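Residue numbers (my numbering): 4 to 98.
Please read the structure below before turning to the comments.
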Amino acid sequence: MVPPGRVTTYGAIARYIGSPQSARMVGWAMNGSHTQQEYVPAHRVINRIGMLTGKHHFRGSRVMQELLESEGIEVEEDCVVHFRTLFWDPNTELI
DNA sequence: ATAGTGACGGCGG
DNA sequence: ACCGCCGCCACTA
């Protein structure tokens, strides 16, 4: 549900599904996302400080960054620029 | 069965 | 601000 051009975090998703301590499991779930039929924008999920910690799980190590940049998100040193303002929190956006 | 390993994050020192 | 610890839990060796 994360809109294009926005990003969210593993922890935020974990909180939203009622399992705030299971951020790691969200990352684990992102693995399976590649083989799902429904489109899952896993590249929009980053860690709480705005880093692209999951980039190695894409076909190429640059794919995650390229996908984000194609949506107008600036990435510098594996870090999303203006992360704070681009942050999309399901806990406050999805009432 | 058991120990180690994470696309994480909160907390204490 | 920077560690290190640990809760979390599926998976692997």
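Using N, Cα and C, we set each Cβ at its ideal position, and we do this for glycine too.
Note that the structure is a prediction, hence the values are computed from the model and not measured.
(request) Could you please give the first and the last residue of the uninterrupted alpha helix (DSSP H) stretch that includes G30? (result) If you number the first sequence from 1, residue 30 lands on position 27. First-last of the alpha helix (DSSP H) with G30: A26 to S36.
(message) From the DSSP secondary-structure annotation, give me the bridge partner or partners of V77.
(response) For the purposes of this step, residue 77 is taken as the residue at position 74 of the first sequence. According to the sequence displayed, residue 77 carries Glu and not Val. Bridge partners of E77: none, in fact.
(message) Between which two residues does the alpha helix (DSSP H) holding G57 run?
(response) Numbered from its first residue, the first sequence carries residue 57 at position 54. It is not in any alpha helix (DSSP H) - G57 carries neither H nor E in the DSSP assignment.
(message) Measuring only the C-alpha atoms, how far is G30 from G57?
(response) The residue labelled residue 30 in the question sits at position 27 within the first sequence. The residue labelled residue 57 in the question sits at position 54 within the first sequence. Each residue's alpha carbon lies about 8 Å from the other.
(message) On a Cα-Cα basis, can you pick out the residue from Q24, R62, L55 and I49 that is closest to H37?
(response) Looking up residue 37 in the first sequence gives position 34. If we check each option's Cα against that of H37, R62 comes out closest.
(request) Specify the secondary structure class of F86 as computed by DSSP and reduced to three states. (result) Start at 1 with the first residue of the first sequence, and residue 86 comes out as number 83. Helix.
(message) Going by the DSSP bridge assignment, what does T11 pair with across the sheet?
(response) Along the first sequence, read from residue 1 onward, the residue named residue 11 stands at position 8. Answer is V48.
(message) So R51 and T95 are supposed to be a Cβ contact under 8 Å. How far apart are they, rounded?
(response) Translated into positions along the first sequence, residue 51 becomes position 48. Translated into positions along the first sequence, residue 95 becomes position 92. Going by Cβ atoms, the distance from R51 to T95 rounds to 15 Å, so no, they are not a contact pair.
(message) The alpha helix (DSSP H) that contains P93, what's its start and end?
(response) Here residue 93 refers to the residue found at position 90 when the first sequence is read from its first residue. First-last of the alpha helix (DSSP H) with P93: P93 to E96.
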